[in-house]
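Here's the structure, in structure tokens; my notes come after.
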Amino acid sequence: ETVMDAAQSREKSPLPSNYWVSPSKALIEMNIRQSEGIGKDMTKDIDDSDKLIKTKEELVDSIQKKMDKLKEEKKELTKELEETETLGKEVQKAVERKCKKQHEKDKFKTYIGDMEKIILLLLKVSGLLARAENALQSLPEDSNERLKKMAADKRDRAKQQHEDAKVLKEDIEKRSGQIEVFLQEALSEEEFADYKYYVKMKSKLTIEKQELEDKISLGEEQISALKLSIPEKH
1 ETVMDAAQSR EKSPLPSNYW VSPSKALIEM NIRQSEGIGK DMTKDIDDSD KLIKTKEELV
61 DSIQKKMDKL KEEKKELTKE LEETETLGKE VQKAVERKCK KQHEKDKFKT YIGDMEKIIL
121 LLLKVSGLLA RAENALQSLP EDSNERLKKM AADKRDRAKQ QHEDAKVLKE DIEKRSGQIE
181 VFLQEALSEE EFADYKYYVK MKSKLTIEKQ ELEDKISLGE EQISALKLSI PEKH
């Protein structure tokens, strides 16, 4: 689906606007919804306009400070990812040198490539499911049955995609065990420990990086929306 197709779909669709929030941001918003219980805007009950403006300005400052902290965390995470990839290259060199069978080398390469793809796929479909759940929950109680069915069908399709991705995850976990068998035989104890550490950290850091980027993006959108709602000072 192209950007133009997505835009046209959005214009035609009767679904709530938050259905079109990016998948990863939808997941964050669902977590916020669950943790807060009632998604009330903290400024909605303030009647005095000056006080409201001041509250919004304080919110902008607060979110900006959080954004600055998140960006620093991203820098550190990026550095850690680079170090992990350097270790991964050394592991791959050891596999090339010490694994005698070509099909074992090929299995290793395929596994490393698929591992990251499946992690990112799971993150994506988890977000799609959250987005569909958000859209369904946001429908007014008096919505017509056709609209409710559309939202429920999208949620159900997202659930199925999530289940399919979980099957892929289970498959790659089985492959991980098979690969460990021949790597443990071919590599030294230290090289095998490096491999285990590399795989563990690559998975962990890939997820953390995506979550950080989503939080930064969502925070920037919140700041932009708040600034637009604050009248310019003359």
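Residue 40 in full-length UniProt numbering sits at position 40 of the sequence shown, and the numbers go up by one each step. Even for Gly, the Cβ is constructed at its ideal location relative to N, Cα and C. On a predicted model such as this, the values are computed, not experimentally measured, just so you know.
Would a C-beta distance cut-off of 8 Å place residue i and residue j closer than the cut-off?
| i | j | result |
| --- | --- | --- |
| Glu80 | Leu205 | yes |
| Val60 | Tyr198 | no |
| Leu129 | Ala151 | no |
| Lys56 | Leu226 | yes |
| Thr78 | Met201 | no |
| Leu168 | Ile112 | no |
| Ile223 | Ile63 | yes |
| Lys174 | Leu70 | no |
| Ala94 | Glu191 | yes |
Can you give me the start and stop residues for the alpha helix (DSSP H) that residue i sits inside?
| i | result |
| --- | --- |
| Ser188 | Neither: Ser188 is in no alpha helix (DSSP H) and is coded neither H nor E. |
Can you list, in chain order, the residues of its chain with a C-beta nearer than 8 Å to that of residue i? Leave out the 5 residues immediately preceding and following it.
| i | result |
| --- | --- |
| Leu120 | Thr206, Gln210 |
| residue 279 | No answer is possible for residue 279: the residues shown for the chain start at 1 and end at 234. |
| Ile172 | Tyr111, Asp114, Met115, Ile118 |
Under 7 Å Cβ to Cβ from residue i, same chain only, skipping five residues before and after it: list those, please.
| i | result |
| --- | --- |
| Lys98 | Ala186, Leu187 |
| Leu139 | Pro16, Leu147, Lys148, Ala151 |
| Tyr195 | Val91, Leu183, Leu187 |
| Ile230 | Ile53, Lys56, Glu57 |
| Lys107 | Ile179 |
| Glu145 | none |
Using the rule of at least 16 other Cβ atoms within 10 Å of the residue's Cβ for burial, across every protein chain shown, is residue i buried or exposed?
| i | result |
| --- | --- |
| Gly123 | A quick correction: the sequence has Leu, not Gly, at residue 123. So Leu123 ends up on the buried side. |
| Val181 | exposed |
| Glu104 | buried |
Does the Cβ of residue i lie closer than 7 Å to at least one heavy atom of the ligand HEM?
| i | result |
| --- | --- |
| Ile63 | Of the ligands one can find in the structure shown there are none, so the ligand HEM has no counterpart to examine. |
Ranges of the beta strand (DSSP E) found wholly within the region 87 to 142, counting only runs of at least 3: Secondary structure in the region 87 to 142: no beta strand (DSSP E) run of 3 residues or longer lies completely within the stretch.
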